[in-house]
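Visitor: Protein chains in written order, with our numbering: chain A, 1 to 98; chain B, 1 to 507; chain C, 1 to 637; chain D, 1 to 169; chain E, 1 to 472. Positions of the beta carbon are idealized from the N, C-alpha and C atoms, including for glycine. All figures in this text were calculated on a predicted structure; none of them were measured in a lab. Have a look at the structure that comes next, please.
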Amino acid sequence: MIHDYLVLSVILFCLGVVGVFARRNFFTVFMSVELMLNASNLAFIAFARLQQNMDGHVLALLIMAVAAAEAALALAVVILLHKQTGKLDTNVFSLLKG
Amino acid sequence: MFAHLLSVMIFLPIVAGLILLFAPLSRTTARIVGFGVSLAVLVLSIDVYAGFTATGKLEFVEYIPWIPSLGIAYHLGIDGISLFILMASAVLLPMVYVLFGTREKGYYANLLLVEGAMIGAVCAADLVLFYVFWEVMLLPVFFMLGLYGGPRKIPATLKITLYTIAGSLLMLAALAYLAVQYHALTGEWSFSIEKMGLLDLSGHAAALALFGFMIAFAIKIPLFPFHTWLPDAYTEAPTATTFVLSAIMAKIGVYGVIRVVMPAFEMEFARYALFFAYAGVIGMMYCGLTAIAQKDYKRLLAFSSASHMGIIAVGVFSMNVQALTGTIYQIVAHATSTGVLFLFAGILEERTRTRSINDLGGIASQAPIFALFFAIAMLASVGLPGTSGFIGEFLIILGALKFNVAIGVLTGLSLIIGVCYMLWLFQRVFFEKSKTASERFKDLSPVESLAFVPVILLILVMGIYPHPFLRKIEPSTAQYFAAATPVVAQATTVTPALAADLTTEKN
Amino acid sequence: MEHSTFYLGMIPLYPLLGAVCIGLFHVLTCKRWQVPPLVYGLLACVGPAMSFFLALRVFFELRALPLDARFFTYKAFTWFSVGDLHLDMGFLADPLSGLMLLFVTFIGTLIHVYSIGYMSGDKSYAKFFAYMNLFLGSMLILVLGDSPVVMFVGWEGVGLCSYLLISYYSEDRDNVLAGNKAFIVNRIGDLGFVLGMGFLFWAIGSHGFDFLSLKANAHMMTESSILIVCLLLFVGATGKSAQIPLYVWLPDAMAGPTPVSALIHAATMVTAGVYMVARFSFLYVEVAAAGMIVAWIGILTALLAAIFGMFQDDIKKVLAYSTVSQLGYMFAGVGVTAYSAGIFHVFTHAFFKALLFLGAGAVIYVLHHEQNIWKMGGLKKKMPITYCTMLIGALALAGCPPFAGFFSKDEILYSALANGHFFIWLIGVLVAAMTAYYTFRMIFVVFHGQPRDQQAYDHAHEAPLVMTVPLIILAIGALFAGFYNLPAIFGGEQMISHWLAPSVADQHPHDSFLLEFFVIATSVAAFAFGLWVAYKRFGKGAEEPVFTGFARFAYHKFYVDELYDAVFVRPYKAIGAEISEGVEPNMTDAPVTGIARLYMRVGTLVKVLQSGYVRVYAIYMVLGLGIMSFILSQSLN
Amino acid sequence: MLVDLLFTCFAVFSVLGALGLIIFRHPMNGAMSFLVTLVSLAGLYALLSAKLLFALQLIVYAGAIMSLVVFVIMFLNIQPDQLPAEKTKVTYLVAGGVAVTPVAFFLLKVINRLPNMPVSFADEGFGGVKEVGLIFFREWLVPFEIVSILLLTALVGAVVLAGKREKNK
Amino acid sequence: MTNDFMLLFPVILVSLGAIGLMLAATSRCVQIEQAAWACGGLFGFAFLVQLAATLTGDQALYSSLFNDILVVSPFSKAASLVILGCGLFTVCSSLSYFKKNNFSSTEYYSLLLFAASGMLLLTMTRELISTFIALEIMSLAIYILVGYDRDNVLSTEAVMKYLILGAFAGAFLTMGSAFVYGAAGSTKFALIGNFVATTGFLSNPAILAGSFFILVAFLFKAAAFPFHAWVLDVYDGASMPITGFMATALKTAIFAVFANFLLADSGLQQGWVTFLFYIAILSMFMGNFIAIGQNSLKRMLAASGIVHSGYLLIGLVALGSQPVPGSVVAFYLAAYAAGTLGIFSALSYLSGKGEQWKNFDDFKGLAKTKPYTAFAISIFLLSMAGIPPTAGFMGKLYIILAAIQTGQITLAVLGIVSSIVAMWYYLRLIVTMYFHAPERSFAEECPSRIGTVSTLVLVLCVFAISLYPIAL
């Protein structure tokens with residue numbers, strides 16, 4: 001049943017949210033976001049199946065491209081962070097506050 | 001003389017002020033420019049006064065569409081009510097340049113700006129334009145107070161600014177409400193103050209809007225209990241600012257109530273008038289009582305000013321032609337008396353370097369001219385017949401009595417309360433024995449005396465022969481009650497029993 | 001009758017112009033050169049004298065008019081006109097104002113002349129005369145005003161001058177305080193006046209607010225509203241004429257120079273209240289209760305002041321209380337609707353009281369401002385003219401026939417009894433005896449016996465001519481003024497009563513010879529008794545007494561001043577201070593400052609939320625999201 | 001039947017992979033378990049007849065992106081002591097789970113309202129390269145072009161942030 | 001088709017410029033200054049073209065392009081004008097900023113153009129995935145610009161925070177799009193609108209959930225409560241010109257697309273009115289409370305940005321009543337942009353190397369030493385506070401009028417109350433500049449004329465927008 005796919009997509013999405021919520025490791029946080037994007041891709045494809053409409057596939061494809069671009073940038077930032085402090089802990093970066 | 005007399009009167013000082021602000025001029029030049037411009041405005045205003053025909057309608061109208069899609073326009077015009085506030089500012093402001101000669105350039109520039117903005121506010125016939133000038137006139141005050149004020153100037157500046165802006169922002173909401181209501185009624189957008197008179201709003205939202213306007217004006221006037229910014233601001237401000245605030249700016253609040261609120265909210269206004277009148281009366285007594293306990297003469301005068309504004313407020317809310325006409329008259333009278341008293345206080349402060357009443361004494365024998373002028377202004381302020389203060393106060397009490405006996409009687413108490421603190425002040429500062437601070441008090445120089453003479457004469461002339469002035473006011477005030485609906489008429493005589501009682505034919 | 005009434009306006013204008021001229025002249029010259037004081041003195045006398053001549057002209061023109069149209073007016077200009085309120089700056093000459101004009105200008109002129117002498121040597125001579133002229137001008141406006149509001153102008157004007165002149169010696173705080181007291185107490189009365197005018201206006205003022213129209217329309221008012229108006233106006237009168245409960249300012253007002261006391265606080269200004277009640281007689285006659293209240297207040301004041309007068313040791317205070325007491329008589333007179341009698345007493349009182357004050361002034365003048373009677377004595381020999389004239393004045397005041405005071409007082413007492421007010425009459429007789437007592441107590445102590453202060457006595461001499469001449473003239477007045485209204489019993493024609501008839505609404509009692517004779521007899525007996533007691537105690541010289549018991553109580557004026565101080569003045573100041581220090585910062589301003597503080601506090605609290613941890617920001621987002629999702633899912637059902 | 005079985009398999013693996021991602025301390029472990037999720041997702045795409053996406057998921061995501069990530073992790077040579085201690089991880093995970101429950105609940109509720117259909121293999125043309133490609137270049141040309149700008153931006157960005165930069169002046 | 005390209009001209013121009021500059025960066029012969037001038041010229045030219053198109057072009061409400069994926073409307077034109085203007089002034093302030101700070105390179109200006117092209121696209125998109133992509137173009141470019149100063153830890157921290165949270169929010173946008181797609185079968189606004197119009201908003205839970213997630217993403221970018229927390233830190237970490245650019249252009253673009261999305265169907269907009277109502281109120285007050293406690297000027301401005309987002313949300317709530325949909329929002333954005341850019345423009349040449357002057361106290365007595373700059377800053381602050389006769393006042397007036405006209409009196413009143421509260425922190429800087437004695441010397445001359453000139457122009461803009469409001 002198509003609902004199962006959607007439910008799975010929601011579960012994955014929520015796990016991604018929990019990952020961002022709970023983790024301090026930059027890589028993990030970043031991959032959690034990727035997980036959320038993947039969950040929405042799954043939803044797109046499931047909905048495409050439901051709607052009998054291939055637009056969803058195109059959209060998922062585009063999202064993949066965006067995810068790739070985002071990944072490139074995120075990794076650049078990771079390298080920058082690592083260069084500056086040698087840490088991957090997001091909590092280390094809390095000079096700006098208040 | 002000119003086609004756009006009012007525009008010239010508004011923008012001449014503003015442009016001159018801006019030029020002064022930026023041009024690298026000396027203080028003396030700035031003072032001369034300021035004096036010259038304000039004199040020019042005075043000349044123009046006399047032209048306006050002479051040309052004013054007192055028809056009860058707007059005169060000297062200028063109309064240029066500004067934002068046509070919303071019906072906002074550059075719309076100017078004056079009626080009898082505006083005329084007198086206009087005249088008061090035009091007549092009184094030149095004095096300041098004569099009296100206070102050694103100030104910074106920005107001082108004079110800001111004075112010019114505030115003059116232009118105030119004239120703009122009373123000439124504006126469009127709500128948005130009115131609001132623009134209303135806010136703009138606060139800015140120079142803000143800067144003058146903050147830059148040239150006394151030792152505790154910053155808290156005072158912040159208090160007055162935040163307080164008044166808070167009020168005026170509420171007014172902004174209220175005027176937007178009016179415009180929307182007008183749009184709903186007629187299908188066209190307009191912010192014309194005159195057209196708002198076509199509205200007859202009632203209901204909760206209208207009451208809220210009424211209070212929006214009223215709080216703005218009450219803060220500016222200031223009406224009890226919104227007066228708490230006043231003592232600090234009046235005391236800390238440089239003399240010219242205090243003068244401008246008390247003599248003219250406070251009156252524009254009253255003007256707003258009369259011009260904007262009364263026509264647009266006839267029903268709701270009538271419903272709440274008694275409430276506001278009580279606020280006025282309580283304010284009069286409260287501030288009058290507070291004044292007696294002050295040890296700082298500027299503060300005392302500040303409370304006295306607030307107390308008088310309470311009376312003026314009663315006049316507005318009494319809603320009959322005597323009270324309203326008296327209000328306008330009292331506005332001018334108060335400008336000439338209390339305003340001038342603040343100028344005297346400024347001179348006192350400048351020459352004695354103290355604001356404490358206890359440090360002073362015996363000035364009457366040192367400086368007879370100063371004492372004489374001060375006494376005349378003081379007597380006008382306590383409403384002695386023969387001075388301008390009496391006519392207004394008498395008319396207000398008369399009108400208030402008709403409106404509500406209790407209000408009338410309580411307003412009458414001002415006769416006593418005012419005299420108490422004023423005499424006390426006069427006794428301590430001018431009579432008794434000289435103290436160190438006032439021992440070598442220099443009397444007014446001939447030039448200074450000459451600067452005061454017109455105002456002192458005005459006080460006397462307005463008290464002795466008020467008819468020519470009232471003739472210009474009355475058509476405009478009468479107009480408010482000519483078209484009054486039966487509801488208002490009923491509401492205006494809250495004490496019908498008394499009225500009936502007084503006039504029933506005896507068998 | 002076709003004639004110009006323009007000069008009516010000139011009557012108050014002359015003294016006012018005089019005041020302005022003197023004031024300006026003084027202000028312009030005071031810095032540069034010394035102007036001889038005589039210049040000011042003469043300048044000051046011109047205005048009153050001119051007014052006096054014009055007053056005479058008014059008098060004669062009025063006489064020429066037929067009885068039922070014996071008035072004329074002059075409207076200088078429209079004063080103000082708002083809605084149905086229309087007021088002219090108008091002046092009304094009718095028998096009442098004509099009579100007042102005459103003696104006000106006459107006595108005023110005399111006192112100006114006297115002042116030239118009395119004030120010589122004073123450093124602000126010009127100021128004094130400017131005030132005096134200003135006063136006279138205001139008084140004339142008060143008298144001539146053709147509407148209550150114009151009258152009020154003069155009313156407040158005289159109050160102002162009274163203030164200025166009481167605090168004339170302004171270096172002394174007590175004098176200024178006395179001035180303040182006078183002004184403030186007068187203002188309390190003025191409030192009544194203003195409110196009275198207000199009610200009157202809303203009742204019938206829209207048909208014209210001048211006295212003639214008011215009189216014509218008075219019938220339209222209900223009794224209760226007339227009562228309200230009358231009582232409010234009477235409050236004004238008690239302020240100005242120093243009646244209970246507002247009499248307290250007058251004794252203190254003696255702080256001013258003596259001519260001031262004579263002119264303002266005895267002869268003219270203080271009688272304005274009586275004049276005003278007489279002016280409004282068309283209202284007072286309508287409601288009996290109003291008159292009764294006036295009469296009772298008056299007679300009680302008379303009694304109270306007489307009691308105080310018996311124990312004073314300041315010569316001017318004695319006279320001051322006698323003034324209050326006599327004013328009480330006048331109110332009793334107008335209260336029992338004997339308006340002409342009241343006005344007649346005003347008229348005679350003006351002469352003899354001015355005389356007494358000027359005489360006292362002369363004494364004070366020669367004794368270098370010594371006012372305590374217990375420091376005087378035996379001055380009879382040194383100052384014969386003063387003594388004689390003062391004796392005439394005293395006899396007049398005490399009500400000795402045939403001096404002026406006797407006739408007017410008798411007229412009042414007779415009217416009271418004849419109109420059925422027995423107790424008022426009884427108190428009146430009692431007061432008459434007391435009056436005789438304290439008057440002669442003063443005369444005996446000051447002029448008879450042995451000098452108590454030898455040094456001062458040695459330097460004493462007769463006052464200069466400029467002072468004694470007015471004394472003599474006034475003494476003649478005090479002697480003969482009474483004959484103007486000689487009652488029928490003495491073969492008189494009651495000239496003043498008839499003269500006043502068109503102006504005031506007298507209710508003449510039935511002429512009863514027996515009753516009148518009885519009244520005269522009791523009055524004379526009361527006078528004789530008072531005189532006898534005074535002579536017994538002070539005729540041969542006496543030492544300053546030590547008061548005990550009731551006398552002590554009365555010597556301290558029943559502690560009324562202290563009572564007022566405790567009940568009104570102190571609480572007033574305390575409330576002011578409380579508001580200023582307690583209510584203002586803690587209640588009125590508290591919401592404003594409170595909101596500001598709260599706002600800052602929240603600001604600093606919220607800062608903590610910006611922790612700087614990116615995860616925390618994500619948590620905010622998730623929490624917000626969670627809450628919103630929860631709400632949205634509720635809406636789904 | 002087979003479809004259901006496969007779905008269950010992929011679903012369980014993908015969830016386990018995701019759980020591993022958010023639980024493992026070391027990012028390398030996380031990345032590996034995330035890879036499991038990605039591959040399982042590819043399988044699910046296949047079950048949904050998205051042939052092109054199935055391929056692309058494997059090639060682009062699991063292949064390119066993840067290898068890039070893994071490469072960077074290796075490149076940085078992260079030592080365990082460089083990792084955040086995260087002693088309160090469990091607490092946060094539980095709290096996160098609680099916080100996210102309303103969101104999940106809401107979404108599930110929404111899904112419940114949607115029409116349902118059994119999943120079977122669709123017709124030949126659905127999800128094929130040609131069909132998707134036709135739609136892509138006919139109807140979705142603009143997003144395609146925009147994506148090129150996006151990729152350029154990312155390119156420049158990566159260079160600017162992580163590349164060498166010569167000091168000016 | 002040519003017409004379509006004409007309408008797209010500014011986007012194309014800006015994108016080509018970006019690519020051109022990117023290529024130029026590879027060669028050494030292009031100086032940074034030249035790149036800056038080129039970039040500024042591009043912005044200026046595009047601005048003029050767009051202005052001409054706005055004033056003379058056909059006034060049709062919508063011109064749909066490319067299969068209904070893009071649209072050009074008066075509203076989008078107005079928004080793009082604002083964005084181009086922001087770009088131009090950002091270049092100006094960058095020029096003066098980089099006189100003192102030397103971490104710029106040619107790519108900087110290229111990225112500015114990239115960001116601008118993303119924003120311009122964002123104003124035009126009528127399709128969810130294009131929106132997402134345009135949003136990402138903009139965001140990525142801005143991320144990089146925020147983190148441009150690689151030697152600065154703060155700047156890296158800012159980009160890290162922004163990146164994580166931005167990507168997080170972006171994921172919501174995709175998920176929301178998926179749900180909308182699932183319900184309506186399309187991601188095009190027009191079709192979504194049709195779908196909602198025929199079936200009703202509330203009967204479609206998927207539309208509800210989808211649009212909710214989409215709104216969340218928009219609200220995040222607009223920094224509305226409770227998605228506001230990043231904004232202070234990111235503004236604080238970014239360089240002055242970029243902060244200004246973010247505060248203005250980015251907000252403009254986001255609100256443009258926000259309005260476009262809500263305008264897809266009135267049912268959709270109506271459905272979210274209550275939600276936006278509360279968000280608006282919370283944003284205004286939370287923003288105020290945060291701003292009040294700030295000592296750093298940039299952070300205060302960031303927090304005030306939250307408040308302004310709240311006002312703009314009022315404008316969105318009242319979308320229905322506006323004669324030209326979105327005109328009020330566009331006007332407010334223009335007014336806000338002029339004021340904010342002005343402040344950042346002034347701060348760019350004032351703040352010196354490494355942005356030493358950033359706290360309120362650093363500006364004590366500025367009016368004594370630099371009266372004109374202080375005056376300009378005061379004007380900008382007054383405009384942001386909404387004091388007439390500045391542009392900010394007119395913007396506020398329009399918003400309130402619109403709110404009252406739609407019957408949202410409570411919202412109008414609360415908006416007013418919030419701006420009362422806001423007065424304090426705007427005035428605070430003026431008070432600091434004018435009423436305190438100088439504590440430090442401001443002797444450093446401003447390094448370039450361009451900074452002062454652009455500030456002056458912006459002062460004029462503040463008045464011009466108010467006194468000659470063509471946007472309506």
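Using the DSSP secondary-structure output, state which residues sit across from C:A93 in a beta bridge.
Guide: C:F72
Visitor: In its own chain, which residues sit with a C-beta less than 8 Å from the C-beta of E:M423, not counting the 5 before and 5 after it?
Guide: Leaving aside the five residues that flank E:M423 on each side, the residues in its chain whose CB is nearer than 8 Å to its CB run, in chain order, A385.
Visitor: Closer than 6 Å by C-beta to B:L398: which residues in its own chain qualify, once you throw out the five before and the five after it? Chain order, please.
Guide: Q322
Visitor: Please state whether DSSP places C:W249 in a helix, a strand or coil.
Guide: helix
Visitor: Can you give me the start and stop residues for the alpha helix (DSSP H) that B:P65 sits inside?
Guide: Segment 59-67 is the beta strand (DSSP E) holding B:P65; no alpha helix (DSSP H) there.
Visitor: If you check the beta carbons only, do E:Q294 and E:L232 fall under 9 Å apart?
Guide: Yes, Cβ-Cβ distance for E:Q294 and E:L232 is below 9 Å.
Visitor: Rounded to whole angstroms, what's the CA-CA distance from C:H498 to C:K240? Just pull it up for me.
Guide: Rounded to the nearest angstrom, the two C-alpha atoms are 27 Å apart.
Visitor: Could you work out which residues of chain D lie near E:E107, taking near to mean beta carbons separated by less than 7 Å?
Guide: V156, V160
Visitor: So is the beta-carbon of B:G253 under 8 Å away from any non-hydrogen atom of the ligand ZN?
Guide: Only the bare structure without any ligand can be found here, which leaves the ligand ZN out of the picture.
Visitor: Rounded to whole angstroms, what is the Cα-Cα separation between C:L500 and C:S281?
Guide: When rounded, the separation of the alpha-carbon atoms in C:L500 and C:S281 is 12 Å.
Visitor: Checking the sheet assignment: what are the DSSP bridge partners for E:T340?
Guide: Note: E:T340 sits in no beta bridge, so no partner.
Visitor: Under the rule that 16 or more other beta-carbon atoms within 10 Å means buried, what is B:L86, buried or exposed?
Guide: buried
Visitor: What do you reckon, are the CB atoms on C:S633 and D:F137 nearer than 9 Å?
Guide: no
Visitor: Classify C:W33 as helix, strand or coil using the three-state DSSP reduction.
Guide: coil
Visitor: Who are the neighbours of A:S32 on chain D, taking C-beta pairs under 8 Å?
Guide: L21, I22
Visitor: Okay, do the region 30-46 of chain D and the region 94-104 of chain D touch, 3+ Cβ pairs below 8 Å being the bar?
Guide: no
Visitor: Do the CB positions of E:G310 and E:L319 come within less than 9 Å of each other?
Guide: No. Outside cutoff.
Visitor: Looking at chain D, is there any beta carbon in it that lies within less than 9 Å of the beta carbon of A:L35?
Guide: yes
Visitor: Establish whether the CB of C:Y572 and some CB of chain B are separated by less than 9 Å.
Guide: Among the residues facing chain B, C:Y572 is included, as its CB has a counterpart in that chain under 9 Å away.
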